[in-house]
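Contents: one structure, followed by commentary.
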Amino acid sequence: MSTDTGPIPGEPDAGRVDGGEQPLPDAGEPPSSDGGEPLPDAAEPPPSDAVHFNLVIRQTEQACSGCGIWFDPQGDPTQRPRLVVRYRDGGEERTLEWQRGLERPLYAYYISNEGTSRAEREDTLLMKRSPQRTGLLFADLSPIPAGAEILEARLHAHIHTHEGLANSDRSSVLTVYEGTREWDFATVDWNHYAAGARWTTPGGDGGGVVREIHAGRDMQDRGFSKASPNAHFDFTAHVTALQAAR
Numbered sequence: 000m001s002t003d004t005g006p007i008p009g010e011p012d013a014g015r016v017d018g019g020e021q022p023l024p025d026a027g028e029p030p031s032s033d034g035g036e037p038l039p040d041a042a043e044p045p046p047s048d049a050v051h052f053n054l055v056i057r058q059t060e061q062a063c064s065g066c067g068i069w070f071d072p073q074g075d076p077t078q079r080p081r082l083v084v085r086y087r088d089g090g091e092e093r094t095l096e097w098q099r100g101l102e103r104p105l106y107a108y109y110i111s112n113e114g115t116s117r118a119e120r121e122d123t124l125l126m127k128r129s130p131q132r133t134g135l136l137f138a139d140l141s142p143i144p145a146g147a148e149i150l151e152a153r154l155h156a157h158i159h160t161h162e163g164l165a166n167s168d169r170s171s172v173l174t175v176y177e178g179t180r181e182w183d184f185a186t187v188d189w190n191h192y193a194a195g196a197r198w199t200t201p202g203g204d205g206g207g208v209v210r211e212i213h214a215g216r217d218m219q220d221r222g223f224s225k226a227s228p229n230a231h232f233d234f235t236a237h238v239t240a241l242q243a244a245r
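Residue numbers for the sequence shown follow numbering that gives the first Met the number 0, beginning at 0 and rising by one.
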């Protein structure tokens with residue numbers, strides 16, 4: 000299985016929206032146990048090793064009525080969505096891959112408010128503004144060492160060769176949001192992110208914008224189409240930010 004070893008010339012920066020926790024307001028002196036000297040400050044909690052590549056993908060601009068963007072392996076497990084991350088740790092460069100069926104899975108699923116069998120939604124990403132279809136991606140990136148420098152993170156996805164992208168579509172836009180729920184691949188649906196646990200908003204809870212994928216500049220102009228379906232997109236800035244937040 001091949002991996003990219005460098006950025007694609009001409010591809011726009013896949014930056015994410017800056018954000019982060021805001022400092023809490025000063026609440027005054029900490030309480031004391033006996034009315035005397037304040038208690039010592041509580042110890043800082045240890046950093047979490049959990050790093051989740053958790054994305055919610057929606058079509059926010061639709062080229063025509065019913066036009067969507069569809070990534071699908073079409074029965075070939077090697078064409079399932081795949082995340083490839085290159086990093087440097089201890090002076091050495093390494094590459095890890097995530098894909099369902101490998102040691103490190105990348106889960107892909109799409110949800111809609113219409114009935115479809117679960118098997119038809121697994122490992123496929125179908126995004127439509129109308130009728131609504133939302134794509135979900137999830138991977139645990141904790142195998143990357145905490146101190147490693149991210150060099151590149153690239154998402155590979157196979158365009159459905161019959162219906163994945165209209166030949167004339169240059170105006171559709173996918174907006175990729177940071178997921179706020181750890182959804183369950185076996186039970187997720189339009190109303191629930193896990194069995195008995197409802198999305199705050201049916202159709203998936205998304206946070207800040209990670210990046211956009213434009214049918215024109217990010218797909219057609221880079222040679223990705225139904226005839227040349229092996230697309231890939233840069234998520235280096237996002238994975239770098241996830242790594243920095245550990």
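Ideal placement from N, C-alpha and C gives every residue a C-beta, glycine not left out.
Taking glutamate 151 as the reference, which of Asp204, His51, Ile56 and Val238 has the closest Cα? Ranking the options by Cα distance to glutamate 151, first place goes to Val238.
Would you mind giving the Cβ-Cβ distance between valine 175 and leucine 82, rounded to the nearest angstrom? I have them listed as a contact below 8 Å. Not really, about 13 Å apart at Cβ, beyond 8 Å.
Since valine 172 is in the alpha helix (DSSP H), which residue starts that stretch and which ends it? Where valine 172 is concerned, there is no enclosing alpha helix (DSSP H), although the beta strand (DSSP E) it sits in stretches over 172–178.
Spatial neighbours of aspartate 168 within its chain, please: C-beta separation below 7 Å, excluding the five flanking residues on both sides. The beta carbon of aspartate 168 lies closer than 7 Å to those of Ala62, Cys66 and Ala214 in the same chain, with the five residues before and after it left out.
Classify alanine 240 as helix, strand or coil using the three-state DSSP reduction. Looking at alanine 240 - three-state DSSP - the assignment turns out to be helix.
Among Met126, Val209, Ala147 and Leu136, which has the Cα closest to the Cα of glutamate 181? Nearest to glutamate 181 by C-alpha distance, out of Met126, Val209, Ala147 and Leu136, is Leu136.
Beta carbon of aspartate 204, beta carbon of isoleucine 110: below 8 Å? For aspartate 204 and isoleucine 110, no; Cβs fall outside 8 Å.
Compare the beta carbon distance of histidine 270 and glutamine 73 with 8 Å and say whether it is the shorter of the two. Coverage of the chain is limited to positions 0 through 245, which leaves residue 270 absent and any answer about it impossible.
Does the segment 87–99 come close enough to the segment 137–149 that 3 or more CB-CB pairs lie under 8 Å? Output reads yes: the segment 87–99 touches the segment 137–149.
Contact check, threonine 235 vs isoleucine 149, beta carbons under 8 Å: Going by C-beta atoms, threonine 235 is nearer than 8 Å to isoleucine 149.
Quick one: what does DSSP say aspartate 217 is sitting in, helix, strand or coil? Under the three-state reduction of DSSP output, aspartate 217 falls in the helix class.
Please go through the same chain and pick out, in chain order, the residues whose beta-carbon is closer than 7 Å to the beta-carbon of glutamate 162, but skip the five residues on each side of it. Trp69.
With H, G and I counted as helix, E and B as strand and the rest as coil, what does DSSP make of glutamate 151? DSSP places glutamate 151 in strand when its eight states are reduced to three.
Excluding the 5 residues flanking alanine 194 on each side, which residues of the same chain have their C-beta closer than 6 Å to its C-beta? For alanine 194, where only same-chain residues beyond five positions count, the Cβ hits under 6 Å are Thr186.
Here's the rule I'm using: 16 or more other beta-carbon atoms within 10 Å means buried, otherwise exposed. How should alanine 147 be labelled? It counts as buried.
Quick one: Cα of methionine 218 to Cα of aspartate 233, how far? So the two alpha carbons sit approximately 12 Å from each other.
Determine the DSSP secondary structure at glutamine 78, reduced to helix, strand or coil. Under the three-state reduction of DSSP, glutamine 78 is assigned to helix.
Per the DSSP calculation, glutamine 58 is bridged to which residue(s)? Paired residue(s): Leu173.
Just the Cα atoms here: how many angstroms apart are proline 46 and alanine 240? Any reading at proline 46 must be qualified, since the residue scores a pLDDT of 46, below 50, and its modelled position is unreliable; the value itself is stated next. Whole-angstrom Cα-Cα distance: 15 Å.
Would arginine 210 and methionine 126 qualify as a contact pair, given that the criterion is a beta-carbon distance under 8 Å? For arginine 210 and methionine 126, no; Cβs fall outside 8 Å.
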